[in-house]
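**Student:**
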Amino acid sequence: MAYENPDGIRIGLEIHVQLNKLKTKMFCGCSTDYHNAAPNTHTCPICLGLPGTLPVLNKKAVEAAIKVGLALEGEIAEETQFHRKNYFYPDLPKGFQVTQFDFPIVGKGKVVIEGEDGEHVVGITRAHMEEDPGKLVHIGSIEKSKGVLIDYNRSGMSLIETVTEPDMRSPKEARRFLDKFRNILEYLDVFDGNLEGAMRVDANVSVYWGTRVEIKNISSHKGVERALLYEIMRQKNVIRRGGKILLETRHFDEGRGVTISMRTKEEAEDYRYFREPDLMPMRVTSWIPAIKETLPELPDAKRARFMEQYGITDMHAKSLTSKIMLADFYEGVCATGMDPKTAATWTADVFLGELNYRDLAISSYDGMTIGFIHAKDPEIENSFKVPDMIELVTLFAEGKVSDRTAVEVIRAILDGTEEKTPSQIIEEKGLFKAEDDLVTRAVAETIAENAAAVQDYLGGAEKSLNFLVGQVMKKTKGTADAKTARELIVKELKG
Amino acid sequence: MITKEDVEHIGWLARIEINEQETVEYMEKLNSVLEYFGQLDELQTEDVAPTYHVAEIYNVFREDVVEECLPQETVLANTENKQDGAFRVPKIG
Chain A
1 MAYENPDGIR IGLEIHVQLN KLKTKMFCGC STDYHNAAPN THTCPICLGL PGTLPVLNKK
61 AVEAAIKVGL ALEGEIAEET QFHRKNYFYP DLPKGFQVTQ FDFPIVGKGK VVIEGEDGEH
121 VVGITRAHME EDPGKLVHIG SIEKSKGVLI DYNRSGMSLI ETVTEPDMRS PKEARRFLDK
181 FRNILEYLDV FDGNLEGAMR VDANVSVYWG TRVEIKNISS HKGVERALLY EIMRQKNVIR
241 RGGKILLETR HFDEGRGVTI SMRTKEEAED YRYFREPDLM PMRVTSWIPA IKETLPELPD
301 AKRARFMEQY GITDMHAKSL TSKIMLADFY EGVCATGMDP KTAATWTADV FLGELNYRDL
361 AISSYDGMTI GFIHAKDPEI ENSFKVPDMI ELVTLFAEGK VSDRTAVEVI RAILDGTEEK
421 TPSQIIEEKG LFKAEDDLVT RAVAETIAEN AAAVQDYLGG AEKSLNFLVG QVMKKTKGTA
481 DAKTARELIV KELKG
Chain B
1 MITKEDVEHI GWLARIEINE QETVEYMEKL NSVLEYFGQL DELQTEDVAP TYHVAEIYNV
61 FREDVVEECL PQETVLANTE NKQDGAFRVP KIG
């Protein structure tokens, strides 16, 4: 059934993505590897905007933009060029930002997401290239700021800004679009979403097909969804009270979960765009065939192939292809000959579930080891190896450990600080499934040691049986099968 | 025609303070420049593609190769307004 969108919600997004996989900045040879560096150590006269310098465009940045354009099924412009966007703010040392205006490199495209009523097409208006400004740090809080510190390490990083049509009809669809978009970029290997400031989103939203409000600079997908939920509620309340929605820009306060008015559009920006005379126009459509050759299999294609090739469910295929490194890890496990369905269950349901529970984001995969870092604290990192998954699932398949134990081992590896194989962990914790005679001995001991409970049970108190089973489980450290233990006790006592 | 209000607006955009007398002066000067360029309107340009760049050069790129950056001391050498390796500026907005 088609989604009716009862509140007439329209959401459009503008997404800034940093091409942080490039080695150098957009217009100079400064390294992009500044994330743990001291301020102003990754700059040069060009990205500091000193007079008399001449920017020269990074060829790889253009290639990346074309890749993104192709993946979004966008038109690549025959001729494209840069403009200067003029405004005064100290994050821009030149007094203008080099960006693209009426000749963006990527024109109309689309992304298919899972919408409120099945597949839903979100139109891409355009995507263009621009440079990132520097980073400002307020001394004290923003309201009581005593001054601002500027670090130009980020200044001049290559950005791609993608603008969508207002085609999303709920905050959930906006979130799904962002997840899909990020996933595509990671497949293209142009972007590492785990780095600080890698993706920033502005969201436009209106209700009842009315005036739109822009929410600026939201830094996480969850943040976008929360900001939109709040803003939709606010707009509906304003209208219910007979008020009018103003065309304005608002800021999302992550901590309080509210949007705050920044400025109304009456004092409209006047950026005085004009051609950037220091940069030559580009004609790069001849590159397209060669770049197409390098395009990887994209998420939708991989998902379809996984279902076909491995015979797994759509749910599993979708989950496994939601991160390219997870998809590669899964294929690494399957390549050893493990049953793909079993591998899918353990990778998509258990392993990924445990990662999400811990807020761990997958950050690397080298064909053997999958690495992850904590989403909020990159200091916390850990890894998991293909052979460990194989060993663990094999032990489970052979009946040597219970499924609970296998899950426990995965947890131990994720939480552990030392490198250990599943067998080592199982042995250390004494979690190998108990041998039958061990259980028999535990049952005998339990009966001997708990005369009172035995009497109660024989006297008709069923609850006491549970207690006795519990004692057996305790003696075997949980390795006994509870059902077997129960049967053995009953057999022992009632014959 | 450029009005006094236009001049004031341009002054604000450039963050330049302009007094009453200067406003009138700049208005006259800007209008005379525009008038001069207005002569171009006499030409028939309907079938001429716009020129975006006078040099007909396309595709100037550099390879993605890291070069040395400036040391922090050099970057900050020309300012007294610094703190913890950063430029320090007054509170904004």
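Which chain is which? The protein sequence lines are A and B, in order.
Going by my numbering, the first sequence runs without a break in its numbering and finishes at 495.
Going by my numbering, the second sequence runs without a break in its numbering and finishes at 93.
Positions of the beta carbon are idealized from the N, C-alpha and C atoms, including for glycine.
Note that the structure is predicted; figures quoted are calculated from it, not measured.
(1) Measure from the alpha carbon of Ile-11(A) to the alpha carbon of each residue in Arg-176(A), Leu-493(A), Leu-298(A) and Arg-411(A), then state which is nearest.
(2) Would the beta-carbon of Phe-329(A) fall within 8 Å of that of Arg-84(A)?
(3) Tell me the start and end of each unbroken alpha helix (DSSP H) in the stretch 203 to 270 of chain A that is at least 4 residues and wholly inside, in chain order.
(4) Quick test of your reading: Arg-272(A) and Met-262(A), contact by CB under 8 Å. State the CB separation rounded to the nearest angstrom.
(5) Once the 5 residues before and after Tyr-3(A) are set aside, which same chain residues still bring their CB inside 6 Å of it?
(6) Give me the residue from Ser-220(A), Asn-217(A), Ser-219(A) and Gly-257(A) with the minimum Cα distance to Ile-232(A).
(7) Mapping DSSP to helix, strand and coil, what is Val-33(B)?
(8) Look up Asn-81(B) in the DSSP assignment and say whether it is helix, strand or coil.
(9) So what does DSSP say about Tyr-187(A), is it helix, strand or coil?
(10) Distance, Cα to Cα, Lys-108(A) vs Glu-75(A)?
(11) Under 8 Å, do Val-89(B) and Val-137(A) count as touching if we go by C-beta distance?
(12) Just reading off the beta strand (DSSP E) that Phe-372(A) is part of, what are its end residues?
(13) Run through chain A and tell me which residues come within less than 8 Å of Phe-61(B), C-beta to C-beta.
(14) Under a CB-based cut-off of 8 Å, is Asp-415(A) close to chain B?
(15) Which residues in chain B have a C-beta closer than 9 Å to the C-beta of His-83(A)? List them in chain order.
(16) Rounded to the nearest angstrom, what separates Gln-72(B) and Arg-15(B) at their Cα positions?
(17) Any beta-carbon of chain C closer than 8 Å to the one on Asp-84(B)?
(18) Nearest chain B C-beta to Gly-242(A) closer than 8 Å, yes or no?
(19) Would you report the Cα separation of Thr-479(A) and Asp-179(A), rounded to the nearest angstrom?
(20) Go to Val-65(B), then tell me how far its beta strand (DSSP E) extends in each direction, as first and last residue.
(21) On the CB-based measure, 16 or more other CB atoms within 10 Å of its CB, does Pro-104(A) come out buried or exposed?
(22) Given a threshold of 16 other Cβ atoms within 10 Å of its Cβ, counted over all protein chains shown, does His-9(B) qualify as buried or as exposed?
(23) Which two residues bound the contiguous beta strand (DSSP E) that contains Gln-81(A)?
(24) Just to confirm, is the Cβ distance from Phe-82(A) to Val-98(A) under 8 Å?
(25) I need the straight-line Cα distance from Ala-64(A) to Glu-25(B), nearest angstrom please.
(26) Return the first residue and the last residue of the beta strand (DSSP E) that Gln-18(A) is part of.
(27) Would you call the CB atoms of Ile-160(A) and Ala-71(A) closer than 8 Å?
(28) Tell me, please, whether the CB atom of Phe-87(B) is closer than 8 Å to any CB atom in chain A?
(29) For my contact list, Tyr-187(A) and Leu-298(A) are in at a C-beta cut-off of 8 Å; report their separation, rounded to the angstrom.
(30) From the DSSP secondary-structure annotation, give me the bridge partner or partners of Ala-86(B).
(31) Roughly how far, in whole angstroms, is the beta-carbon of Trp-287(A) from the beta-carbon of Ile-124(A), given that I think they are within contact range, below 8 Å?
(32) Would you kindly work out how many angstroms separate the C-alpha atoms of Glu-67(B) and Ser-158(A), rounded to a whole number?
(33) Check whether the Cβ atoms of Cys-69(B) and His-42(A) lie closer than 8 Å to each other.
(34) Taking the CB atoms as reference points, tell me whether Ala-335(A) and His-316(A) lie closer together than 8 Å.
(35) Is Gln-21(B) close to chain A, meaning its C-beta is less than 8 Å from at least one C-beta of that chain?
(36) Output needed for Thr-412(A): all residues of its chain with C-beta closer than 6 Å, excluding positions within five of it in sequence on either side, in chain order.
**Tutor:** Let me lay it out:
(1) When each option's Cα is compared against that of Ile-11(A), the closest is Arg-176(A).
(2) Going by C-beta atoms, Phe-329(A) is not nearer than 8 Å to Arg-84(A).
(3) Segments of the alpha helix (DSSP H) lying fully in the stretch 203 to 270 of chain A: 221 to 240.
(4) Rounded, the Cβ-Cβ distance is 21 Å, inconsistent with contact.
(5) Taking Tyr-3(A) as the centre and dropping the five residues before and after it, the same chain places the C-beta of Glu-116 and Asp-117 closer than 6 Å to its C-beta, in chain order.
(6) Minimum Cα distance to Ile-232(A) is reached at Gly-257(A).
(7) Three-state result, Val-33(B): helix.
(8) Three-state result, Asn-81(B): coil.
(9) In the structure shown, Tyr-187(A) sits in a helix (DSSP, three-state: H, G or I).
(10) The straight-line gap from Cα to Cα measures roughly 6 Å.
(11) Going by C-beta atoms, Val-89(B) is not nearer than 8 Å to Val-137(A).
(12) Element bounds for Phe-372(A): 369 to 374.
(13) Simply Val-56, Leu-57, Asn-58, Lys-59 and Val-62.
(14) So no, Asp-415(A) is outside the interface.
(15) Correct list: empty, because the minimum Cβ distance to chain B is about 10 Å.
(16) Each residue's Cα considered, the two are about 29 Å apart.
(17) Here chain C cannot be found, since the structure's protein chains are A and B.
(18) With 8 Å as the cut-off, Gly-242(A) does not count as an interface residue toward chain B.
(19) Thr-479(A) and Asp-179(A): Cα-Cα distance of roughly 41 Å.
(20) Where Val-65(B) is concerned, there is no enclosing beta strand (DSSP E), given that its DSSP letter is neither H nor E.
(21) Burial call: buried.
(22) With a threshold of 16 other beta carbon atoms within 10 Å, His-9(B) falls short and is exposed.
(23) No beta strand (DSSP E) contains Gln-81(A), which DSSP labels as neither H nor E.
(24) Contact check for Phe-82(A) against Val-98(A) passes: the beta carbons are separated by less than 8 Å.
(25) Taking the straight line from one Cα to the other gives about 49 Å.
(26) 10 to 18 is the extent of the beta strand (DSSP E) around Gln-18(A).
(27) Result no, Cβ atoms of Ile-160(A) and Ala-71(A) do not sit closer than 8 Å.
(28) Interface residue, yes.
(29) About 6 Å; that satisfies the 8 Å criterion.
(30) Its beta-bridge partners are Gln-83(B).
(31) Contact flag wrong, Cβ pair sits at about 20 Å.
(32) Cα to Cα, the separation comes out at about 16 Å.
(33) Less than 8 Å divides the Cβ of Cys-69(B) from the Cβ of His-42(A).
(34) No, they are not a contact pair.
(35) Not an interface residue.
(36) The amino acid at residue 412(A) is misidentified as Thr; the sequence shows Ala. Result list for Ala-412(A): Ile-425, in chain order.
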